[in-house]
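Chemist: Numbering (the numbering used here), first residue to last: 250 to 418.
Glycine is no exception: its CB is placed at the ideal position from the N, C-alpha and C atoms.
All figures in this text were calculated on a predicted structure; none of them were measured in a lab.
Here it is, the structure, as structure tokens.
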Amino acid sequence: MAAMIKRRHLLALAVALTAAPFAFAQSRPSVQVEQAWARATAGQMRTGAAYMTLVNTGTEPDRLIAVATPAADKAELHTHVMEGDVMRMRALTAVEVNPGSPSVLKPGGLHVMLMGLKAPLKAGDSFALALTFEKAGRIETTVKVGAAGASGPGASDGHGAHQHKGHGS
Ligand SMILES: [Cu+2]
Numbered sequence: 250m251a252a253m254i255k256r257r258h259l260l261a262l263a264v265a266l267t268a269a270p271f272a273f274a275q276s277r278p279s280v281q282v283e284q285a286w287a288r289a290t291a292g293q294m295r296t297g298a299a300y301m302t303l304v305n306t307g308t309e310p311d312r313l314i315a316v317a318t319p320a321a322d323k324a325e326l327h328t329h330v331m332e333g334d335v336m337r338m339r340a341l342t343a344v345e346v347n348p349g350s351p352s353v354l355k356p357g358g359l360h361v362m363l364m365g366l367k368a369p370l371k372a373g374d375s376f377a378l379a380l381t382f383e384k385a386g387r388i389e390t391t392v393k394v395g396a397a398g399a400s401g402p403g404a405s406d407g408h409g410a411h412q413h414k415g416h417g418s
């Protein structure tokens, strides 16, 4: 008799557990775009790249599916792949943004390719970038332009001694 009741309780628990993901799925997914930056371009070069960290603060996976900026004729999602000994860029249709593991766009990896820049990117300037996510929708961010040789957001070119390192890691 007692065993019977216990079994029923277990079943109820199992139902509660399987129902939980549905409850979470109702919550609105959200993505934060952090530390968007770009390198200054050289001379009349008409292509550039923007980098950033995409943090999924929701509970469901999301995907970055489109990028656009008034600073360039066209923006695309790119990654770098090795083909033999040669590093090449390849266009992507989407970048996965999963909860608990920020997607980092950085030199040598994922990046937003800017084609047909309307003006050279100069250190200290900034420009708007619109990111469209499958679930989170359209998010606008501001891309800060760093030095031509910058390797990260806010990275100094040797003169930025007063710069803070930003969010600790
Ligand atoms: Cu590219």
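Name the two residues that bound the continuous beta strand (DSSP E) containing Glu283.
Modeler: For the purposes of this step, residue 283 is taken as residue 34 along the sequence shown, with counting starting at 1. Start and end: Val280 to Arg288.
Chemist: Residues in its own chain within less than 7 Å of Lys371 by CB, not counting five upstream and five downstream?
Modeler: The count along the sequence shown starts at 1 and reaches residue 371 at position 122. If we look at Lys371 and ignore the five residues flanking it on each side, its Cβ neighbours are Ala289 and Val394.
Chemist: Taking 8 Å as the line, does the beta carbon of Glu325 fall inside it for any heavy atom of ligand 1?
Modeler: Residue 325 sits at position 76 when you count from the first residue of the sequence shown. For ligand 1, at least one heavy atom lies less than 8 Å from the Cβ of Glu325.
Chemist: Report the rounded CA-to-CA distance for Arg387 versus Ser279, giving the unit in angstroms.
Modeler: Position 138 of the sequence shown, counted from the first residue, corresponds to residue 387. Position 30 of the sequence shown, counted from the first residue, corresponds to residue 279. Answer to the nearest angstrom: the Cα atoms are 11 Å apart.
Chemist: Whose CA, out of Thr328, Asp322 and Arg295, lies closest to the CA of Met336?
Modeler: Residue 336 sits at position 87 when you count from the first residue of the sequence shown. Among Thr328, Asp322 and Arg295, the Cα nearest to that of Met336 belongs to Thr328.
Chemist: How should Gly398 be labelled, buried or exposed, when 16 other C-beta atoms within 10 angstroms of its C-beta is the threshold for buried?
Modeler: In the sequence shown, the residue the question calls residue 398 occupies position 149. It counts as exposed.
Chemist: Given this structure, state the Cα-to-Cα distance separating Val346 from Met301, to the nearest angstrom.
Modeler: Looking up residue 346 in the sequence shown gives position 97. Looking up residue 301 in the sequence shown gives position 52. Approximately 12 Å between the Cα atoms of the pair.
Chemist: Inspect the beta-carbon positions of Pro348 and Thr391 and report whether they are closer than 9 Å.
Modeler: Here residue 348 refers to the residue found at position 99 of the sequence shown. Here residue 391 refers to the residue found at position 142 of the sequence shown. Not in contact: Pro348 and Thr391 (Cβ atoms no closer than 9 Å).
Chemist: Report the rounded CA-to-CA distance for Ala298 versus Glu383, giving the unit in angstroms.
Modeler: Against the sequence shown, residue 298 aligns to sequence position 49. Against the sequence shown, residue 383 aligns to sequence position 134. One C-alpha to the other measures close to 22 Å.
Chemist: On the criterion of 16 or more Cβ atoms from any shown chain inside 10 Å, does Pro402 qualify as buried, or is it exposed?
Modeler: Counting from one through the sequence shown, the residue named residue 402 turns up at place 153. By the 10 Å Cβ count, Pro402 comes out buried.
Chemist: Alpha carbon to alpha carbon, what distance is there between Val330 and Arg339?
Modeler: As a working note, residue 339 is residue 90 in the sequence shown. As a working note, residue 330 is residue 81 in the sequence shown. Using only the alpha carbons, I get a separation of about 7 Å.
Chemist: Only counting the same chain, and skipping five residues up and downstream in sequence, which positions put a Cβ closer than 8 Å to that of Glu389?
Modeler: Working through the sequence shown from its first residue, we reach residue 389 at position 140. Only Ala377, Leu378, Ala379 and Leu380 meet the Cβ criterion.
Chemist: Report all residues from its chain with a CB closer than 6 Å to the CB of Ala324; omit the five preceding and five following residues, and keep chain order.
Modeler: As a working note, residue 324 is residue 75 in the sequence shown. Same-chain partners within the cutoff: Val316, Ala317, Thr318, Val361 and Leu363.
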